[in-house]
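First comes the structure, then the notes that go with it.
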Amino acid sequence: MLLPPTHRRLAVGAALLAVVAGVAPATAAQAAPAPAARTAPTGGSLPAPDLDALDQALLNTLAAGAPGAMARITDPSGVRTKTEGVRDRVTGEAMDTRARFRIGSVTKTFSSVVLLQLVDEKKIELDRPVNDYLPGLLPDDRITVRHLLTHRSGLSDYTNAMFYQTVPGFEAVRNKVFTHQELLQLSLDEPRTTEPGVSYKYSNTNFVVVGMLIEKLTHHKAADEYQRRIIKPLGLRDTSYVHPDTRIKGAHISGYLTPDEAGAPLVDSTEQTVSWAQSAGAMISTPADLSTFMSALLKGRLLSSTSLDAMLTMTPTDATNTRFYGLGLRRYDLSCGASVYGHTGTVQGFYTYAFTTRDGKRSMTAMANVSNQGAANTALGGTLEAAFCGKKPAQATARGFAAGAPATGPAPAAGLAPAEVDLPERNSR
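Going letter by letter, the sequence shown gives residues 0 to 428 in numbering that gives the first Met the number 0.
In structure tokens, the structure reads:
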């Protein structure tokens, strides 16, 4: 069931913990002020999407090395789709917006929603130490639940070492099944990146621990909680968490991993357990389901207003001051003044952008079936400007964004520079 009205009124804990680097670590009593409110167009007041620019962004993505790419926009005026290239290099089947694919770290938003529903149910508090719920799990009692959701725990991202060599690293774990504890130990064997609460540092380890919390508090597998709390209530018929099964059932897109060696052939990475990610990145979905999910979330259908406000309390993640992170949710500020909310996903063979406006009225999901190719990720980011900002004046440039295509091939569209990715980018030619 969707969240009942009584749960919508439940309170969450204290304000977001965040202090700048170089200041003493945050404590539960310290709260950084939220960034100034931004007046931005809503989904209902945005210009019409620029479908030519949307298609150009997809062509740029192919020119940068992706076999195929697609984008799907939904708003009150209807659904618009664009596709380029193929969803399977062997069969030559055309890209299809109805086909399933691996969504990578968009999974983190699903995990955050489940945990915040548990906050609404008073089963966990954001500013309590993780060790209060999982005694002795972490080496520092100062690491709170909120630190996990905001990537401010200081726990090292074990995937940096795991995938230091892209293809050998992937093949070593393609069919392996990890426990949560094994993944966490890989992180604990490395130095921590920051003191708890001091600064943002993206780490898949945080959401492995979120999965452990979900399972401890509910006494169910995380997959069951995704199904019961999100997938079934929203009717997401093509969304699943199949770990440790290696298959994508039904009509699906094949994913391709770019080797580190220039000119080496792409590696079909479609079938894998994704056990190395689990609650940090192992879900499968479609553009339609992701837009339904993100729109429902921003419209307040899944969380209390207090929890949603906490999720939307954002702090900058880079020097451009156009990218922000809340509780398992990103915000990108676009050149036209629009702010969009959602998450990016990177898993071997797939890049995903799933974003919506604050009112949930316009949503867009874009996907390319390649990874470890930073130029393709950047080019795919150009779909955001096209979908939410519409046609640009001649010679317009987007503040904080970078051109998406290589020097050869189609003219570039403005796209997000891939300063943050969910896996190490060894090959960003």
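The beta-carbon is built from N, C-alpha and C at its ideal position, and this holds for glycine as well.
Checklist entry - Under the DSSP definition of a beta bridge, which residues are partnered with F177? => result The partner list for F177 (beta bridge, DSSP) is empty, contrary to what the question assumes.
Next on the checklist: Below 8 Å, is the gap between the Cβ of T351 and the nearest heavy atom of the ligand GTP?
Outcome noted: With respect to the ligand GTP, the structure shown offers nothing to examine, as it has no ligands at all.
Item to check | Within 9 Å, strictly: CB atoms of D437 and D244 | outcome: Nothing about residue 437 can be read from this structure; the chain reaches only from 0 to 428.
Next on the checklist: Based on DSSP bridge pairs, tell me the residues matched to A70.
Outcome noted: DSSP, once it has assigned bridges, lists K81, A365 as partnering A70.
Next on the checklist: Quick test of the definition: if touching needs 3 or more C-beta pairs under 8 Å, does the region 89–99 touch the region 337–347?
Outcome noted: no
Item to check | Reduced DSSP category for G341 - H, G, I as helix; E, B as strand; rest coil | outcome: strand
Checklist entry - Closest by CA to R79, which one among A70, L383, R357? => result Just measuring C-alpha positions, the residue of A70, L383, R357 sitting nearest R79 is A70.
Checklist entry - Name the DSSP beta bridge partners of T356, please? => result For T356, which the question treats as bridged, DSSP gives the partners V339.
Item to check | Residues that DSSP places opposite L256 in a beta bridge | outcome: V266, S370
Checklist entry - Any idea what DSSP makes of R141, helix, strand or coil? => result It is coil, neither helix nor strand.
Item to check | Rounded straight-line distance, which links the Cα of R101 to that of A281 | outcome: 7 Å
Checklist entry - For H219, does the count of other Cβ atoms within 10 angstroms reach 16, so buried, or fall short, so exposed? => result exposed
Item to check | Sequence-distant residues of the same chain with beta carbon closer than 6 Å to T343, five excluded per side | outcome: Y352
Item to check | Option in V129, L148, A47 with minimal Cα separation from S306 | outcome: Nearest neighbour of S306 by Cα position, chosen from V129, L148, A47, turns out to be L148.
Item to check | Those residues which DSSP pairs with A93 across a bridge | outcome: V85
Item to check | Sequence-distant residues of the same chain with beta carbon closer than 6 Å to G327, five excluded per side | outcome: K107, T108, S111, L148
Checklist entry - Is the region 127–138 close to the region 299–318, with three or more CB pairs under 8 Å? => result no
Checklist entry - Quick one: what does DSSP say M282 is sitting in, helix, strand or coil? => result strand
Next on the checklist: The alpha helix (DSSP H) that contains Y225, what's its start and end?
Outcome noted: 221–225
Next on the checklist: Checking 9 Å against the spacing of the C-beta atoms, do T41 and K360 come in under that value?
Outcome noted: yes
Checklist entry - In terms of residues, what are the limits of the beta strand (DSSP E) holding D332? => result 329–332 is the extent of the beta strand (DSSP E) around D332.
Checklist entry - Between the C-alpha atoms of R330 and M313, what's the straight-line distance to the nearest angstrom? => result 8 Å
Next on the checklist: So, for S274: in the same chain, excluding its five sequence neighbours on each side, which residues have a beta-carbon less than 8 Å away from its beta-carbon?
Outcome noted: Within the same chain, and ignoring the five residues on either side of S274 in sequence, the residues whose Cβ sits closer than 8 Å to its Cβ are V172, K175, V176, F177, H242, P243, A281.
Next on the checklist: Pop quiz: L154 and S104 are said to be a contact at Cβ under 8 Å. What is the actual Cβ separation, rounded to whole angstroms?
Outcome noted: With a Cβ gap of about 16 Å, L154 and S104 do not count as contacting.
Item to check | Inter-residue spacing [alpha-carbon to alpha-carbon] between K231 and A365 | outcome: Between K231 and A365, the alpha-carbon positions lie close to 23 Å from each other.
Item to check | Among S44, A393, M310, A276, the one whose alpha carbon lies nearest that of F162 | outcome: A276
Checklist entry - By DSSP, does R228 sit in helix, in strand, or in coil? => result helix
Item to check | Boundaries (first-last residue) of the alpha helix (DSSP H) holding F169 | outcome: For F169, the uninterrupted alpha helix (DSSP H) segment begins and ends at 165–172.
Checklist entry - Residue range of the beta strand (DSSP E) that F323 falls in? => result 322–324
Next on the checklist: What would DSSP say about T351, mapped onto helix, strand or coil?
Outcome noted: DSSP places T351 in strand when its eight states are reduced to three.
Item to check | Alpha carbon of N130 to alpha carbon of K215, nearest angstrom | outcome: 12 Å
Checklist entry - How is S152 classed by DSSP in three states: helix, strand or coil? => result coil
Checklist entry - If you compare alpha carbons, which of A386, A367, E384 is closest to P66? => result Per the Cα distances, A367.
Item to check | Touch test, the region 79–92 against the region 113–122, Cβ-Cβ under 8 Å, three pairs minimum | outcome: no
Next on the checklist: Tell me which residues share the same chain as Y324 and place their Cβ nearer than 7 Å to its Cβ, disregarding the 5 neighbours each side in the sequence.
Outcome noted: T149, H150, Y199, M313, T314, T316
Item to check | In DSSP terms, what P128 is bridged to | outcome: T143
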